[in-house]
Each structure stands twice: as C-alpha cells, then as structure tokens.
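Peer 1: Numbering (our numbering), first residue to last: 50 to 232.
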Ligand code: PRP
C-alpha cells in the first residue's frame, strides 16, 4: 500500500521507504559491531514489529536467530497501566543468551519496560532494546533504549507495521494519520 492509497487519511509522510532502509542499515551496522563476539537472539514483539524485524535482520551481515512474543494489556483501556499478559511466549530458552528486543515504536515505554523485566527474570546474559521509532514526549517510564532509529513527535503514526484499528500496517511509508480518522 502506497501513501496515495490512503488519500486524505494520511496527513504527512514522516519517513519514506528509503529513509527507513537507510536508518535500519545504520542500526544493523552498529549492532553487528557491538555484538561482534556475541551470539545475539533477536526478539520481536507481535504484531507491529514484523516489518522492522524483516528488514533489520536482513541488513545484518551474518546469521542471527529470532523469536517472537505477543503480549496484551489486561482488560480493555488499561494499556497505560503497563500491566500486560503474555499471549505467546518465546519458544527459546534465553538463559545465558544475549537478547536484543526489536520493536517498531516505544510510546509510553510501559510495554517494553514490562517485557524487559520479564525477560531479565529468565537470567539472560543481557537484554537490550532496538526500536525504529520513539516518542520522547509520551514517555511515562524511564527505559534505557540502546538503539533508536528516529525520535518522533507525539502524533498518531501508521504504516510499516504500525496500525490504527488493525489498518494501515501494510503502508510502505510511515506517516501521521489525519485527525478525522480517529477523532
Ligand atoms: C505497540 C508497539 C509496542 C507498544 C508501545 O504495540 O508495538 O509494543 O505499542 O507502546 P507503549 O510504549 O505505550 O507501551 P500495540 O500494543 O499497538 O500492538 P501491535 O504491535 O499489535 O500493534
């Protein structure tokens, strides 16, 4: 799906396919250097991270393993509570492993903060986070994120895995959603 297919539902393109490809390439280079002597396990968080994972791991100049988790808030409207439950757990035993969580976006930081704490309880060698997007203004909790693609303003963004009501994940670019769609 291209930007023009969204018509008036897309306000502004923030990052083109080329912007994303280039930045993920830079992050991949940095990660590969940092983990030069380590065997890294990439952990993606469904569903938003699928595009980032697919492109990021292909940008790495060597073989890596990946695994996935799916999490959900307890009840409805409680996302901001940061209380999540695991819908799909890792298949991999991460004890002693170097884990790199791959995410599409960090908003309040609550989801990732919970996931990191959960993963740390399994005694991995390390847990770091790589996210394509981060909204510094939306942060509700301090979270140490080692790799950040782009910092963005506190706007509703869609595309490249990011959805509104499960739509627009297949938009090639990342852009801001027009307010008339969600208000
Ligand atoms: C998004 C994103 C993160 C989380 C970030 O997932 O992929 O996991 O929200 O928000 P936070 O920093 O405020 O916790 P979402 O719950 O929308 O599910 P999805 O990945 O299936 O789109």
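Positions of the beta carbon are idealized from the N, C-alpha and C atoms, including for glycine.
Determine, using beta carbons only, whether residue 56 and residue 212 come nearer to each other than 8 Å.
Peer 2: For residue 56 and residue 212, no; Cβs fall outside 8 Å.
Peer 1: Just tell me which of 178, 158, 171, 172 has its CA closest to the CA of residue 185.
Peer 2: Of the listed residues, the one whose Cα sits closest to residue 185 is 158.
Peer 1: Measuring only from the beta carbon, is residue 186 closer than 7 Å to any heavy atom that is part of ligand 1?
Peer 2: Because no heavy atom of ligand 1 lies under 7 Å away, the Cβ of residue 186 does not count as near it: no.
Peer 1: Looking at residue 88: is its Cβ nearer than 8 Å to the Cβ of residue 226?
Peer 2: Cβ atoms of residue 88 and residue 226: not closer than 8 Å.
Peer 1: What's the gap between the Cα of residue 60 and the Cα of residue 156?
Peer 2: Those two C-alpha atoms are separated by around 20 Å.
Peer 1: Would you mind reading off the limits of the alpha helix (DSSP H) that contains residue 99?
Peer 2: Counting along the chain, the alpha helix (DSSP H) containing residue 99 begins and ends at 99 to 108.
Peer 1: Report buried or exposed for residue 138, applying the criterion of at least 16 other Cβ atoms within 10 angstroms of its Cβ.
Peer 2: Burial call: exposed.
Peer 1: So what does DSSP say about residue 160, is it helix, strand or coil?
Peer 2: Note: residue 160 maps to helix in three-state DSSP.
Peer 1: Cβ of residue 50 within 8 Å of Cβ of residue 161?
Peer 2: No, they are not a contact pair.
Peer 1: Excluding the 5 residues flanking residue 93 on each side, which residues of the same chain have their C-beta closer than 6 Å to its C-beta?
Peer 2: Closer than 6 Å at the Cβ level, and outside the excluded window around residue 93, lie 102, 117, 151.
Peer 1: For my contact list, residue 168 and residue 143 are in at a C-beta cut-off of 8 Å; report their separation, rounded to the angstrom.
Peer 2: Sure, about 6 Å apart at Cβ, within 8 Å.
Peer 1: Here's a check: name, in chain order, each residue in its chain whose Cβ is nearer than 6 Å to the Cβ of residue 196, leaving out the five neighbours to either side.
Peer 2: Cβ within range, chain order: 76, 179.
Peer 1: How far does the alpha helix (DSSP H) with residue 77 in it extend, from its first residue to its last?
Peer 2: 66 to 83 is the extent of the alpha helix (DSSP H) around residue 77.
Peer 1: Taking only runs of the alpha helix (DSSP H) that begin and end inside the region 131 to 181, which ones reach a length of at least 4 residues, in chain order?
Peer 2: Runs of the alpha helix (DSSP H) inside the region 131 to 181: 159 to 169.
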